[in-house]
Each structure stands twice: as structure tokens, then as C-alpha cells.
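Encoded as C-alpha cells, the structure appears first; notes follow it.
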Amino acid sequence: MHLDHAGIATDDAADLAALYADLLDCEIVHEEEFDGMAVVFLELGGSYLELLEPLGDEGTIAGYLDRNGPGIHHLAFATDDIGGALDRARDLGIESIDEEPRPGAWGHEVAFLHPRDTGGVLVEFVEH
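So this is what it looks like as C-alpha cells:
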């Protein structure tokens with residue numbers, strides 16, 4: 001596995017993407033609306049920043065922003081075998097939020113682990 005991306009919750013993905021593109025000299029490589037969010041990916045040295053903006057007042061990211069404000073929402077790790085990664089996590093006693101992989105942004109399969117079992121960090125497995 002390797003670090004695939006850091007997910008960042010924001011109230012304005014377009015403005016934050018423009019800032020990071022200039023600040024870090026990186027490119028926006030993918031944009032979409034997915035699951036009630038505007039999602040923007042910037043490529044940065046083999047990994048990505050994933051900017052997540054809620055498109056309404058409801059949903060996971062809207063709730064996160066209400067509770068915590070903007071900032072890092074999750075860390076995602078790329079795997080060639082998301083089912084095996086979930087099995088390994090369960091074997092270690094880590095609770096998964098997703099019992100099975102599900103469709104994620106950019107057409108990837110994803111699954112999340114509960115942050116109470118991963119040092120307070122929301123961990124995502126992603127299979128391209």
C-alpha cells in the first residue's frame with residue numbers, strides 16, 4: 001500500500017484548488033460531483049489532494065464541516081486488493097464503516113475504517 005490521497009473538507013473546493021495549484025505548483029487532474037459533493041483532485045508527486053465540498057446542507061461532509069470546520073477529513077491508502085485490506089483490518093480488530101467496498105469518487109472502489117480504532121484518523125482504502 002501507499003498513500004493515495006488526503007481528503008480535505010472545505011466550503012469552497014474551487015477556491016482551495018486554485019490556492020493549492022499555485023502554492024504547491026500542482027495540477028487539477030479530476031473534478032466531479034459525487035454523492036452530494038463537489039470533488040476536486042490535485043496531483044502532487046504521485047499522490048493526490050482530494051477536496052470535498054458539500055453541495056447542500058446535508059451529508060457527511062456538511063456534517064463534518066458543521067462539527068469541525070474545514071480541514072483534513074481522511075487519509076486514503078491505495079491497495080490492489082481492497083477486500084483483502086478489509087479482511088486484514090478485521091483480523092486486527094479494527095471496525096470498518098463499510099463492510100464491503102463501495103463505489104467512490106473517480107470510479108474507484110473505497111472502504112472506510114472507524115477512526116476510534118485507527119488513532120483518531122478516518123482511514124480509507126481505495127482500489128483504482
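When you line the sequence shown up against the numbering used here, it's residues 1 to 128, in that order. Where a beta carbon is used, it is the ideal one built from N, C-alpha and C, also for glycine.
### Message
Taking only three categories from DSSP, how would you classify Gly107?
### Response
helix
### Message
Would Ala111 and Leu92 be called neighbours here (beta carbons separated by less than 8 Å)?
### Response
no
### Query
When we look at the beta-carbon of Leu16 and count the other beta-carbons within 10 Å, is it buried (16 or more) or exposed?
buried
### Which of helix, strand or coil DSSP assigns to Ile72
strand
### Query
What residue does the alpha helix (DSSP H) around Asp87 start on, and which one ends it?
Ile82 to Asp91
### Query
So, using beta-carbon positions, are Gly36 and Gly63 closer together than 8 Å?
no
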